[in-house]
Structure formats: structure tokens, C-alpha cells
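Order-wise, the sequence lines are chains A and B. For the first sequence, my numbering gives the first residue as 726, with consecutive numbering after it. For the second sequence, my numbering gives the first residue as 9, with consecutive numbering after it.
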Amino acid sequence: MKTKDLGTKAPITWCPGCGNFAILNAIKPVIATLDEEGVVPLENVVLVSGIGCHAKIADYVNANSFYSIHGRPIPVATGIKLANPDLTVICFSGDGDSYAEGLDHLIFAAKRNVDITTIIHDNRVYGLTTGQYTPTSPSGFVGRSTPEGLKVPPINPLEIVFASGGTFVARGYSHGIELLKDVFREAILHRGFSFVDVLQVCATFFNLYEYYNERVYTLEDHDPLDRVKAEEKMREWDYNSDGSIPLGIFYREEASTFGDNFTKYNSKISDLDGAIRKTLESYI
Amino acid sequence: MEEFSVLVGGRAGDGINEAGMIIARLFNQLGYCLYQYLDYPSLIRGGHNFAIVRASGKKIGAHRDEVDFLLALNQETIDRHKWRLKESSVVIYDSDEVKSPVAGGLGLPLKTMAKEAGAPPIAKNAGLIGAFSKAAGIEWEVTEQILRKEIPQSVDENLEVARRGRDGIDGDDGPKVEMRSYPCCPVITGNELIGLGLLRGGLDAYVAYPMTPSSGVLHFLAKVADEFSIKVVHPENEIAVILMAQGFAYAGKRAALGTSGGGFCLMTEGMSLAGMAEMPLVVVVSMRAGPSTGVPTYSAQSDLHFVMNAGQGEFTRLVIAPGDAEQAFYWSATSLGLAWKYQIPAILLSDKTLSETAYSFNLEEARDVPEIGPVHWDGDGEYRRYDRTLDGISPLAFPPRPGAVVKANGYAHLESGITTEDAGEVKAVQDKSLLKEKSLIEELESLPAVKTYGSKDASTALLCWGSNKGVCAEVGEKFGLRVVQPVVLNPFPTPQFEKALQGVERMICVETNSTGQLARLIRCCRFEADDLILKYDARPFSVDDLEKRLLEVTR
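As C-alpha cells, this is what we get:
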């Protein structure tokens, strides 16, 4: 499978300059390469998305997909993975999606270490609803629901996922496609809950290209197995103050996954009626 | 005597449910049909719990007010239930606890007996059951056999307490239990039968967040997960439940989920997604008395219109309300087949009464589950998840399937599964849903969607749904009335319903809610109930309740 064959006939309706293009253009070659290498056959890939600008990616990639509802792609992705562990499930979600509406699902997916990849299109603003603050918008953010400026600071999603038990924590930026490709590939290959927060710029409602360009740098000589260092690096930038912004893989750890508990139930029993009769006998 | 009622009562934590079940199993060995009503408040220790075990030589599905035996572990049981006593009733109580018994009651120092036998305090039950078996004339061998089977630990000590209880009374008073000929059946709760029915329907996964009175399904399926090789998941909340189940469905696995009204409120957006994305699901909704937290461990039939309308937009759904043990099994199995054939959410609407009551279950009456299943893609040409066919059913394929790209979508979509907002396409999506509903209605005609009981030519009919089937069938038969029970409530099986009502001049609708929800539903199909018998104190009708109310409206 070539990257060019992964497109669909759906017209792309993202704004010019939208950071979502970078995510689309990074994930397609990663999926195509994994298929060509025989590592993950394309038919085993399932993309899941929520609702928001990010979610249109399900229409734009010619692969299995489940275009779900706002805040809920993670439980859908979890169900797919538990149903069939042979599938490689990549869950796309937005900051409104998984940090506001569906934060509970993010925390529990990390806690369970379910073997899915979650990529957050974190543009730090609601795009489709035309410009309101999200949980990662900086304090003072002036949006249509906070015309006087946002009075509360943002959350740091990396810390939340890390504290919840996520075993792969990374950050990318929509102005660095090669890094995105590397991180996506590693995230997909990681066995466990992989989390990638992508600083994805919304060119229309919150254009931060210049801001990010001045501050981002790629983690080097960083040992992602080192919990203490990983946490230190996650705290280097709090999504609010003007510190430098590290990109790359902060943390990774091998651990058993939620699906391991269910592998023994992957095959059906042969004598269903016999099992029902036997169960009923115990109630006599 | 043709039938017996035994009430056992005490505090939460005394093992009242278990004691009732042991008594039920004793009768079961002696050829009786059983019905155990369980009444308990929403707390873990203390309060007042009681079970009424009714045993009859013929099929029953309701309890009576009067009891033949009152077995009391505490004073409150006596105080609350002495109105149920008849002249011939026998009262056995724990004299360590009860200080003002009723005249003629038989007191036993059960707490002391348990202590002396070196048994845990809960063994008071065994003493009570031992004494009951003597009073009812049930042989020790039968009693011992059931106790051995049912008591999980300290068996010998419990048996010793039972023997002491048995020896503590002379057994002269009270009605004696004779052998009857009802087949010896499993005595099992509605929730467990829903679980077994789902398994029979090919269940692969059950997803649920605990909520009374639906949790019994979750507990049962979690317990038998190994034997049946199914995946049982308890996620973070009900929203995750219904979404996770759709992940299973997308990947080709038959999933069911369970909750009660409050949890179902959180699932409504997921219901709507299942409608648009055409994800087959079976949703068990076991009703309790609302609104809000309401009366969490008690019963009501007040969510019919809620489940029929939950979720934004218009989409095809199936609503089935089984009314007894056999229907619980049969329809749980059948609902999975129907959900998968039509790719729709199906709701199995139970209530606390059906879910938590233990019934004699006759598998012979529920065996003929129809073989209804999904239409699979034949592999020809390009796969389109939402292929628009003549009957509205798009063939299914599940990843990984080389050559098929499976795109599910909660937006309005093209046949390929890609989003659209085009007027013609949007209309086509809705037309497809209507077409499926039409096909489903045709299929329902071949299923027992409406049941009749009692005197089938009578011109007066009792109309009921769900758990009231048992009480209505019994009272209807006694009074020479026709009893009509629609089991499928949506899409409403109008032709079968019309046929069941042929020759009926007067219709009395019996429901456990305050507004008459079935009466309102049938009005949409131009049927009018003449009288309503409604009960909304969160308790089910006893046979006596319904008889009295019926006399009031027919007088």
C-alpha cells in the first residue's frame, strides 16, 4: 500500500494552514509503511475519531474507521481492541473531545493501559463551534464564551496521562512532520496505552505558529525509561507560561495491558446448549 | 393444601434472600412451582429485609399477601407482617431477639443455638429452616440434602443448628406440605435468565456499570465468564458502557449492556449513535421506581416511554418487555438475533420485580429460540458498509477483512460510510432506516409478540405488560377474563394485538406506574383502555391486591 492510495474521494474541508493537515500527512505514510513492511497489514488498522475538526480525518483515510461522537472515541477504540486484539486501533481525538467532554475515558484508558494509540489534535480552541476556550487554552484566552478573558489556568494533559498510568507519553507539533511520523510510528508499535498530544495549530481561531516556533525543541539525550526525568520534562512547560516546549517521547514503559485479561476468552465454546443446561442444573 | 406462602424476614446482612432460596429449593424437591418475592431497602446492614416464597402445584408468577409460615429473625419482622397471618399460620421466631411475639408463636433461641454449635451468627437461618421443615412436615433427609448443597461454608455446624431448630419444636401445628407433580425446575432470578438468554443468543461480551436492579445480570455473567468464554467489562460509567459495546459490535462481536433508568439517561446519546451508525446492541434496562434516585431497590414500570424515545433523531429500535422466566430467556436470546439482523439497538425492558424475583424456570417452554442472524457480505465488488438494499439491511463485514474498508459513521453518510450533508443523501439515510423498520415489523409477525392467557373468549380483557403478566394471568384465569400481554412494545405489533383483542368489549389496563404508559401507547394505535388499575407505591401487585382492585372497577 502506497501513501497516495490511502486517500478518499471526500473533499478536505479544513481551513488553509490548518495543523490537521500535518497529522493527516504524517499518519498516512506511517500506516502505509507499516503495511509494506508487513508489520501491520492495512486491513488490521482501525481509525476511530470523535467530533470536531480533528474527527474528519476518518473520512480522509481509506482505511477502516469508526467516526463516533464528541468525547467518546476512546471507549469505542477500547471496545474494538478488546473485541479483537489482532486489530491496531488508532484513536484521534481533540482537546475539547478528550480533555473536556470525555476526560474520564482518557484517564481510565491510561489507568487500564489498554493497547490503543490516542493522538490528540490539541489546537487549544474549539474550532467547529467557532472559537471558545478548551481545557488547554492559556489563562486570559479571549473567546466567544469568555469575552473578558479566561480566568483559570489550563491543565497539562501529559501530566494527567502520566499520573493515570499511561505507558507512552509524547508530544508533537504540527510544524514538524518528520518528528510526528517518528512519534506516531513508535506510538503505534508500543504495546500499551500510547498518548501523543499534538500541538496542532488552528490557523483561524488560535494561530500559535509563531509562538510555538520560538519555543519548541526536540528532546535529545533523554531517557524515556527514567520516570523522574520524564516528569521533569513534562513540567518544563505548563501550557500557560512562556517556557521552552519540549517535543518527542517523554516516557515509555513495558507493562501488561488490559486486553491481556481477556485473551483467554477469544474463542467460542463448542457446546453452548450443554453449558446452559449445566448452569441451570446448579439452580435446582 | 394446594399452595403455601412462607415469609422470612430480618435485617440486611442476615442472609434473608439465601434463606428464602433454600426454602424455595425445599419446595422444588416436593413438586411445586416457586415464586420468591424479595423486598429490601437500599442499605448494606440493618433495615428490614424480607422474602416471600410462594409454592404452588400449578404455574404461578406472583406473591400473595397472607402467609402460612412467618419466620422471624427479629421483632420488626413480627411487627410489620403480623397482618399477614391466618388462623392456621405458624410463626417461628428467634427468641433471643423477639421480645413481644404473637400468641401461639414458636420461639427458639437461634442466636444461642448458633453459638453453641460453633457456627457463625448467620447460621440462625439454618435453625429457622430446620424448625420450618419440621412444622411443614418436610423430611429431614430432604432438608439436609438442600442445606448441604446451598450452604457455602461451615456446613456441619450449620447442619447442627438446623437439627437443633428442628428438634426445638414438636411439629404438631401448621399445614403440612404434600408432594405435588410440578416438574423439578431450576429456581432462578429473572436477571440470571436474561444473562443465560443472552448467552443462548450468542453473546460475546457484556458491558455494564453497576446499578440496581440490573446488576444481577452483570454479576451472573462475570461469574460464568470462564464457562462460556465471554468478555465481561465494567467500565468507568454508563457513557463508556454503551460506546465500548459499540466498539465490540463494530468488530463483529455480539455485545449486550445493562443498566437502570438513571444509567440509561447517560446512554441516550450512545443510543442515537447506535441508531445512525447501525450498531447492533442489546440494552437491558431494568426499571426501578423514579424519578431521579427514587426508590432504588423497589419496582416500577415508569420508563416505557423513556426507552421508546431516548436519543435525538428518529431511528429504528426494538423494545421488548418479557413478563416471566421463560420469556426472559427466550426474548434475551431472540433480541440479540434481531438486533444483529436489523443492525439496531434492542432494549430488553425488565423491572425490579422480574429481575430479582426467583422463578421456577421451565426450559422446555423457552427452548424454541428462532434462528435469526446477521446478513454477511459475500465479498463481491467494493464493500460499502451502508449499502442501500431493498430491505434496508446492509451486509456486514468486520475488520480485518482484506479487500473491505469498513467505515462506520455517526454523521449522515454515503453508502461508503463517508460523511455527507447532501439533501438527497440525508433523506436516503432516513429512508433506509424506515425500510429496516418495515422489514422488522414483518419479521415480528412470525414471533410470539403478543400473548394471551385466561379465558380466551371472554369479552373483558386485562391488559398488562412486563412483570405484571404473572399476577394478571392468575387473576384473569380465576375471574374468567381474557388476559392480553404485548411482549414487543416497539415497533408495536398491531396486527397480533388486534387479533388478541377480537371480541373484547372492555379493556382494563393493569400497570405499576401512575399514568398508564401502556394505555397511552396503545392509544397511538387507536385502542382505548376502558379502565386503568395503577399501582405506584414501588411495590408489585400481590394476587390479593389485584383481585381487590379488579372488584372495585368491575363492581
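All residues carry an ideal CB built from backbone N, CA and C; glycine is no exception. From a predicted model like this one, the values you see are computed outputs, not experimental measurements.
TODO: Anything in chain B within Cβ reach of D822(A), meaning under 9 Å, just list it in chain order.
DONE: Along the first sequence, read from residue 1 onward, the residue named residue 822(A) stands at position 97. Under the 9 Å cutoff, chain B gives no residues; its nearest Cβ is about 13 Å from D822(A).
Open item on the list: Between R393(B), A230(B), H56(B), which has its C-alpha nearest P407(B)'s C-alpha?
Closed with: Within the second sequence, numbered from 1, the residue matching residue 407(B) stands at position 399. It is R393(B) whose Cα lies nearest to the Cα of P407(B).
Task: Neighbour list for C192(B) in chain A, Cβ cutoff strictly below 7 Å - done: Translated into positions along the second sequence, residue 192(B) becomes position 184. Chain-order list of chain A residues neighbouring C192(B): I1009, by C-beta distance under 7 Å.
Task: Test item: CB-CB of V61(B) and I86(B) under 8 Å - done: Counted from its first residue, the second sequence places residue 61(B) at position 53. Counted from its first residue, the second sequence places residue 86(B) at position 78. Contact flag unset, no.
Open item on the list: Can you tell me which residues form a DSSP beta bridge with N498(B)?
Closed with: Taking the second sequence and counting its residues from 1, the one referred to as residue 498(B) is at position 490. V327(B), per the DSSP bridge assignment.
- [ ] For L812(A), decide whether its Cβ has a neighbour in chain B, counting only Cβ atoms nearer than 8 Å.
- [x] Within the first sequence, numbered from 1, the residue matching residue 812(A) stands at position 87. Yes, L812(A) lies at the interface with chain B (some Cβ there is under 8 Å from its Cβ).
Task: Best match in W91(B), R72(B), C480(B) for proximity to E11(B) [C-alpha to C-alpha] - done: Taking the second sequence and counting its residues from 1, one reaches residue 11(B) at position 3. For the residues W91(B), R72(B), C480(B), the minimum Cα distance to E11(B) belongs to R72(B).
Open item on the list: Beta carbons nearer than 9 Å to chain A: which residues of the segment 246-269 of chain B have them?
Closed with: Those residues of the segment 246-269 of chain B that come within reach of chain A (Cβ to Cβ, closer than 9 Å) are I247, A248, V249, I250, L251, M252, A253, Q254, G255, F256, A257, Y258, A259, G260, K261, A263.
TODO: Output, in chain order, the set of chain A residues within a Cβ distance shorter than 9 Å of G418(B).
DONE: Locating residue 418(B) in the second sequence gives position 410, where the first residue counts as 1. In chain order: I776, F791, Y792, S793, I794.
TODO: Determine the chain B residues that contact F833(A) at a beta-carbon separation under 8 Å, and present them in chain order.
DONE: For the purposes of this step, residue 833(A) is identified with residue 108 of the first sequence, where counting begins at 1. The contacting residues are P243, E244, A248.
- [ ] With a 10 Å radius around its C-beta and 16 neighbouring C-beta atoms as the bar for buried, classify H846(A) as buried or exposed.
- [x] Residue 846(A) sits at position 121 when you count from the first residue of the first sequence. Buried, because 16 or more other Cβ atoms sit within 10 Å of the Cβ of H846(A).
- [ ] Check whether the Cβ of T427(B) lies closer than 8 Å to any Cβ atom in chain A.
- [x] The count along the second sequence starts at 1 and reaches residue 427(B) at position 419. So yes, T427(B) belongs to the interface.
TODO: Decide if D212(B) is buried, meaning its Cβ has at least 16 other Cβ atoms within 10 Å, or exposed.
DONE: Within the second sequence, the letter at position 204 stands for residue 212(B). Classification for D212(B): buried.
Task: K906(A): contacting residues in chain B (beta-carbon distance under 8 Å) - done: Indexing the first sequence from 1 puts residue 906(A) at position 181. Result: empty, since nearest Cβ-Cβ is about 23 Å, beyond 8 Å.
- [ ] Determine which residues share a DSSP beta bridge with C517(B) and list them.
- [x] To locate residue 517(B), count along the second sequence from 1; it is residue 509. DSSP output for C517(B) lists L471(B), L540(B) as bridge partner(s).
Task: Span of the beta strand (DSSP E), counted from its first residue to its last, around K415(B) - done: Start at 1 with the first residue of the second sequence, and residue 415(B) comes out as number 407. 415-417 is the extent of the beta strand (DSSP E) around K415(B).
TODO: Would you kindly check if the distance between the Cβ of F887(A) and the Cβ of A912(A) is under 8 Å?
DONE: Counted from its first residue, the first sequence places residue 912(A) at position 187. Counted from its first residue, the first sequence places residue 887(A) at position 162. No, they are not a contact pair.
Open item on the list: I need the DSSP call for V16(B), collapsed to helix, strand or coil.
Closed with: Numbered from its first residue, the second sequence carries residue 16(B) at position 8. It is a strand residue.
- [ ] Using the Cα positions of L226(B) and K360(B), report the straight-line distance between them to the nearest angstrom.
- [x] One-based indexing of the second sequence puts residue 226(B) at position 218. One-based indexing of the second sequence puts residue 360(B) at position 352. Whole-angstrom Cα-Cα distance: 15 Å.
Task: Exposure label - P736(A); buried when at least 16 CB within 10 Å - done: For this step, residue 736(A) is matched to residue 11 along the first sequence. Exposed: under 16 other Cβ atoms inside 10 Å.
Task: Status (buried if at least 16 other CB within 10 Å, exposed otherwise) for P299(B) - done: To locate residue 299(B), count along the second sequence from 1; it is residue 291. In summary, P299(B) is exposed, with fewer than 16 beta-carbon neighbours lying within 10 Å of its beta-carbon over all protein chains present.
Task: Interfacial residues, the segment 16-27 of chain B to chain A, with Cβ spacing under 9 Å - done: The segment 16-27 of chain B vs chain A, Cβ under 9 Å: nothing.
- [ ] Keeping to the same chain, check which residues put their C-beta closer than 6 Å to that of L470(B); ignore five residues upstream and five downstream.
- [x] The residue you call residue 470(B) lines up with position 462 of the second sequence. Sequence-distant Cβ neighbours of L470(B) in its own chain, meaning closer than 6 Å and more than five residues away, are C480, G484, L489, V491, I516, V518.
- [ ] Apply the 10 Å Cβ neighbour rule to K435(B) and answer buried if 16 or more other Cβ atoms are within range, or exposed otherwise.
- [x] Within the second sequence, residue 435(B) is the residue found at index 427, counting from 1. When all chains shown are included, K435(B) counts as exposed.
Open item on the list: So, at 8 Å on beta carbons, what are the nonlocal neighbours of Y785(A) in its own chain, with the 5 sequence-adjacent residues on each side left out?
Closed with: What you label residue 785(A) is simply residue 60 of the first sequence in a count that begins at 1. Cβ neighbours of Y785(A) beyond the five flanking positions: G732, T733, A735, I737, L749.
Task: 8 Å Cβ cutoff, A757(A) in contact with chain B - done: In the first sequence, the residue the question calls residue 757(A) occupies position 32. Interface with chain B (8 Å Cβ-Cβ cutoff): A757(A) is excluded.
Task: Within 8 Å, strictly: CB atoms of I328(B) and L356(B) - done: If you number the second sequence from 1, residue 328(B) lands on position 320. If you number the second sequence from 1, residue 356(B) lands on position 348. Result yes, Cβ atoms of I328(B) and L356(B) sit closer than 8 Å.
TODO: Would you verify that the beta carbon of R208(B) is, or is not, closer than 8 Å to some beta carbon of chain A?
DONE: Counting from one through the second sequence, the residue named residue 208(B) turns up at place 200. Chain A, which has a Cβ nearer than 8 Å to the Cβ of R208(B), makes this yes.
Task: Listed by chain order, chain B residues near L828(A) by CB distance under 8 Å - done: One-based indexing of the first sequence puts residue 828(A) at position 103. Simply none; closest approach about 10 Å.
Task: Cβ-Cβ distance between G891(A) and F918(A) below 8 Å - done: Translated into positions along the first sequence, residue 891(A) becomes position 166. Translated into positions along the first sequence, residue 918(A) becomes position 193. Against a cut-off of 8 Å, the Cβ pair of F918(A) and G891(A) comes out as a contact.
Task: L950(A), buried or exposed, once every other Cβ within 10 Å from all chains shown has been counted against 16 - done: Here residue 950(A) refers to the residue found at position 225 of the first sequence. Label assigned to L950(A): exposed.
TODO: Under 7 Å Cβ to Cβ from D430(B), same chain only, skipping five residues before and after it: list those, please.
DONE: Taking the second sequence and counting its residues from 1, one reaches residue 430(B) at position 422. Nothing meets the Cβ criterion.
Open item on the list: Is the separation between the beta-carbon of I146(B) and that of L34(B) shorter than 8 Å?
Closed with: Numbered from 1 along the second sequence, position 138 holds the residue referred to as residue 146(B). Numbered from 1 along the second sequence, position 26 holds the residue referred to as residue 34(B). Result yes, Cβ atoms of I146(B) and L34(B) sit closer than 8 Å.
Task: Local conformation of C41(B) per DSSP, three classes - done: Against the second sequence, residue 41(B) aligns to sequence position 33. Of the three classes helix, strand and coil, the one that applies to C41(B) here is strand, per DSSP.
Task: chain A residues whose Cβ lies nearer than 7 Å to that of S237(B) - done: In the second sequence, the residue the question calls residue 237(B) occupies position 229. Ordered by position in chain A, the residues that pass the 7 Å Cβ test against S237(B) are Y990, S992, K993, I994.
Open item on the list: Just list the residues that DSSP pairs E11(B) with in beta bridges.
Closed with: By one-based count along the second sequence, residue 11(B) stands at place 3. E11(B) has S64(B) as its beta-bridge partners, per DSSP.
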